[in-house]
Amino acid sequence: MYISINWIKDFVDLNGIDVDDLIKRFALSTAEVEGVQKHGDNLSGIIVGKIMKVEEIAESKKLHKLDVFDGKENVQVMCGAPNVREGMLVPFAPVGSVVQGINIGKATLAGYDSFGMCMSEKELGISDDHAGLMELYDVEPGTAIKDIMDIDDIVFEVDNKSLTNRPDLWGHYGIAREIAAITGRELKALEVEDLEKYSNLAKLNINIEDKEKCLRYTSMAVENISKHVSPINMRIRLYYTGSRGINLLADLTNYIMLELGQPMHAFDKSLISNINVKSLVEDTEFVTLDSNKRILPKDSLVICNDNTPVAIAGIMGGENTEIKDSTNSLFLESANFDPTAIRKTAIKLGLRTDASARYEKTLDPELTVLAIARFIKLLKDIDENVQVVSALTDVYAKKYPHIQIEITYDYIIKRIGENIPQEKMVSILKSLGFGVQETGSTMLVDVPSYRATKDVSIKADLVEEIARIYGYDNITPQTKNMELEIVRQDEEKTNDYVIKDLLAEKYNMSEVHSYVWYDTKKNKELNIKTEDNIKIINSIDAENSTLRSTMIPTLLCMLEKNIKYMSDVSIFEIGKVWSYPVKNKNCIENKNLGIILASKKKSEEELLNTALQSVHNIVTLTKNVQVTFKDMQDFTKHNWLNPVNSSSIFAQDRNIGYISILNLGIKNAIDKKLNCVLVEIYLDELNSLEKVQRKAQDVSKYQTVTFDLSFITSNTTKFEVLKNIIENTKTEYLASYELVDIFEDSEKLKDKKSVTIRFVLSSDEHTLTSEEIAKDRESILKAFEANEILIRE
Amino acid sequence: MEEKLNNIKREIETKINEADSLQKIEEIRVEAFGKKSLLANISKEMGSLSVEEKPKVGKMVNEVRQALEAMFQAKKMELEEKALELAMKSSKKYDMTLPINGETGSLHPITMVQRELEDIFKSMGFTVEDGSEVETEYNNFEAVNVPKYHPARDMQDTYWLENGELLKTQTSAAQNKIMKKYGAPLKAIFPGRCFRNEELDASHENTFFQLEGMMIDEDISVANLIYFMKNMLSEVFKKDLEVRLRPGFFPFVEPGFELDVSCMYCGGKGCKVCKQGGWIELCPCGLIHPKVLEMGGIDPEKYTGFAFGLGLSRLAMMKYGINDLRILNSGDLRYLKQLGNK
């Protein structure tokens, strides 16, 4: 919202106050200021000129040669405006004046000298009208233009969002009240018409049918309107504050709204007989005054003349009763509606207007009469012939309760943390219009109606009023002593960081963030199939509206994006995934880790080994438990799983994720030369495992003995088989064993392979004798023989 | 005898002096001190000497032997050193200027900024909580004092889900749960991913990170909030910053503030970043609204508290000089790899 300082000066004397400084203080005490414009700054030396003579010239059809009287003499001016005429009074920029920051000098047009320019309203910066010269009336040539028009003004823009909870600040008078409080100056009373004197006239016919949605409907009728153009200074104010002149009556309703925050509507009185405010029982077609045909949804609140809608309450009037430039009688509406009802209809219609924006903020219903009294006053000032033809007709269906708040000084001081003197608190509240009765250390505060609709209702609200006008800058920062307490940190959170560090630092992977919804278009391109899941219903981008239930698809899309630029892509993400098992019930949120290792250089086996190792490290570092990999039973669950090479990951008998080589179909769609392994870990499952505490174990003081054995097995036999044999063999001194080598040779060994394992024997009590060693070796050999596995000599 | 001994000494001395390799000196050792050496012979000959002469000559032989051995050791050490030097000089010379594959992985900029902030807050005794991303309408709006059809809902375009839940629009959505979990007094932060249904451009993202914090105790005041924010933000930016409060409307706080910090780039003098104003708008904050405390099961007459929200995505952009918000969710490793090391 734009605020004109000239307008504010109608209500607060700003003499001796630096306006720039005032705007800064306003921003610190009241609401955010988005910018300041200084109108008239780049315009000087403009005077009234009288066009004495208009001559056509042979060289141009458009240009005229003028004699312009500047109050002292006639000067020659070349002018291209279409409405130029002899005897016309116009704004004139003589040589030496400044227009839009440019110095006006002698110019030559079509070969003729031109000493200055005649100006349009747009060139003066007071409207968008550039159709022709601005015409002036009843002024002496040579008069400085700024003496007859308020061109100089400072206008600041207040951020509307920061006024969401301040219905009283949606007009200049409310802002002036704040400025009076901030500067400690007096707020002048609004000049209004005494409406009492019309009380003998007949009332208008007004009925409020829906008393929940229409709180108050106030109205008055006026006839014999002869003027149709607003005074120039009113039009300038409207223009500077973002509106635009239409005709006197429309301008006046806008002017009142910008001054008091109260929207008004002017109907052509000849078209209104009985007003009824009601909610629609069915969808109804209606043409608004912007000439758009709209379907008003059922339940919308409308103003009807008899049974015909003539306005959408609080939003926009209808074309059928619109006032024209020629309208000379007026039915004036000043009403108050339920904010939620207006908001709902405005949202449904997609029609937000200056009026609806104000009603949504919960306006003070007390304003309706004031607005009419002000309107009549201004109208009569402009057009003395107008006649008020009705009594004030006011139907007040629902009042907001009067609010009183009892508060102690101590409460306020404790909340602010600053020892503000009591008199200061009282004077601040009074300057903002609050009533204060003091008893000892307690205040009984009456909240003025314009703050009582929702804004101020509790003690904390009064604390804010006092603190902000006192000035947040004047509060001394204070530390706070709190009791010493142990703060336990979340282990799951710590684990996330352990995993992230591990993958980034040991495995050179890069952490990414992907969106939480699938890119269905991309998925299709890459042959990625995802299961149906819960959807966003109002996404701007409808293709990206299914929430992910697994981390892999979004990561695969990122792989595809990156592999164009690099030959290795190792990425991971810890993110949320959702399942939606029961329709219309809450969905279930889980945290998963996804890993993609892809390369155009490394082999599948290399990548797989890295992936397996990283999974092993993750589980050991976070829980210190054993991890096992079992062939995946249901590899059809996701179409990125590889039917031959995919395993479920288990720890403490719980399935904590899976690992797989990327399915060929997707791989080929991304890049045929690619090798890719993927891992998904269900972190909530991992986190639910019991952590095994590490304990130190004594290291043997005696020498260890190692020997290698090579076993011949089928080349499809898994290492797990050998491992199980070893672990089930009873030995006396076997301390550990490790895989040394796997040897495959299609010529010599055919479909077999040789697996070499190193065994380590040791004792904590003595050095092993050759008999002891031989005995354990024998037990191992026998165990393998029993499983029909040959030993290679 | 004595002369013979001296001759032997001189002879061996010459040989030691002339030795020029470890192999030679080893030969000399055998020749001079071995069982068949000249010195050994002399010792054997001593059997024929008189009783008076025996100790005298014996002593002489010993002296010569010791002198020669010392000389021998010195020479041997000298030769060993020379040999080492030679070996080193002839060792392979490596090219240390070859290009290096020094690549490590990378953490996401948000992770790094978030962890840094969490550490600061932990050091001040705050609990770090993780919120959900899908939330109920109640937690996201009602519980933070934004009833249905409240105009404040306009400030945020919400992603609604088909079951009536939503993607949380603000970290404040966790306030209610955390108050119920811990009660008062309470010091907690809750970073998290938030969502707004809007078109993307360089400064707008539909997915971004915030970090919200709360401190609740008896008699927490605006003065405490200013003190805390000033110290906390100075630590975050590693600079002594000034803060100022302006009124700001957020339904879950009363009074509510917009907090500005003195510009960390120009120190408040005015520059391009702060648009010459000397201040940068950084975070919304305020005293927690009594209704919000009450809905969280905390007595608003007994306790007060403050809450604040920091834009993690924005902080990451400021810290790493990222000029397009969309980079954070792009997964583009050409960017992320540059940034992601601690």
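So the protein lines, in turn, are chains A and B.
First residue of the first sequence: 1, per my numbering; consecutive thereafter.
First residue of the second sequence: 1001, per my numbering; consecutive thereafter.
Quick reminder that beta carbons are idealized off the backbone N, C-alpha and C, glycines included.
Within chain B, the residues placing a beta-carbon under 9 Å from that of A:D490 are T1127, V1128, E1129 and D1130, ordered along the chain.
A:S390 is the residue among A:S714, A:S390 and A:S567 whose C-alpha sits nearest the C-alpha of A:K203. The count of Cβ pairs closer than 8 Å, one atom from the region 28-38 of chain A and one from the region 102-121 of chain A, stays below three, leaving the stretches out of contact. Under the three-state reduction of DSSP, A:K673 is assigned to coil, being neither helix nor strand. Around B:S1172, no beta-carbon contact reaches into chain A at under 7 Å, the shortest distance being about 16 Å. Taking 8 Å as the CB threshold, A:M1 stays off the interface with chain B. With respect to A:I272, A:V395 sits apart: the two C-beta atoms are not nearer than 8 Å. Identification of residues in the region 576-589 of chain A having a C-beta nearer than 8 Å to some C-beta of chain B yields K576, W578, Y580, K583, N584, K585, N586, C587 and E589, given in sequence order.
Around the C-beta of A:G105, fewer than 16 other C-beta atoms lie within 10 Å, and the residue is accordingly described as exposed. Contact of B:F1190 with chain A is not assigned, every C-beta pair being separated by 8 Å or more.
Residue environment analysis places A:G242 among the exposed positions, since fewer than 16 neighbouring C-beta atoms fall within 10 angstroms of its C-beta. Here A:F286 carries a strand assignment [DSSP, helix/strand/coil]. In this structure, the CA atom of A:A250 is about 9 Å from the CA atom of A:K324. About 5 Å separates the beta carbon of B:T1127 from that of A:V487, a gap short enough to meet the 8 Å contact definition. Within the region 550-614 of chain A, the complete alpha helix (DSSP H) runs of at least 4 residues fall at 552-563. Within the same chain, Cβ atoms closer than 8 Å to the Cβ of A:G101 are found at N42, the five residues on either side in sequence being excluded.
For A:R415, the closest Cβ of chain B is nearer than 8 Å. B:D1020 does not reach chain A, its nearest Cβ partner there being about 44 Å away, counting only Cβ pairs nearer than 7 Å. Below the 7 Å Cβ cutoff, chain B contributes R1246 as neighbours of A:A27, in chain order.
Residue pairing by DSSP places B:L1211 opposite B:P1191 and B:L1310 in a beta bridge. From the listed residues B:N1329, B:Y1265, B:M1232 and B:P1099, the smallest Cα separation to B:C1283 is found for B:M1232. The straight-line gap separating the alpha-carbon atoms of A:I656 and A:S688 is approximately 10 Å. DSSP, read as helix, strand or coil, puts A:W640 in coil. In the structure shown, the three-state DSSP call for B:I1100 is coil.
B:P1247 is bridged by DSSP to B:F1257. If you compare the alpha carbons of A:L709, A:V619, A:N609 and A:D708 with that of A:I661, the shortest gap goes to A:N609.
Shown here for A:D113: same chain residues with a beta carbon closer than 7 Å to its own, the five before and five after excluded, namely Q76 and K106 in chain order.
Residue contact with chain A for B:R1326: absent (no Cβ-Cβ distance below 8 Å to any residue of chain A).
In the structure shown, B:R1334 adopts helical secondary structure according to DSSP, grouped into three states. Its Cα nearest to that of B:F1249, the residue A:A27 stands out among A:A27, A:K529 and A:D18.
At a C-beta separation below 9 Å, B:F1237 has no neighbours in chain A, since its nearest C-beta there lies roughly 17 Å away.
Per DSSP, the beta bridge partners of B:H1204 are B:D1201. Secondary structure note for A:I8: its alpha helix (DSSP H) is the uninterrupted segment I5 to K9.
Of all residues in the region 1098-1113 of chain B, the ones placed with a Cβ closer than 8 Å to any Cβ belonging to chain A are E1103, T1104, G1105, S1106, L1107, H1108, I1110 and T1111, in chain order. Just so you know, the alpha carbons of A:S4 and B:G1268 end up roughly 29 Å apart. Nearest CB-CB separation between A:A467 and chain B: below the 8 Å threshold.
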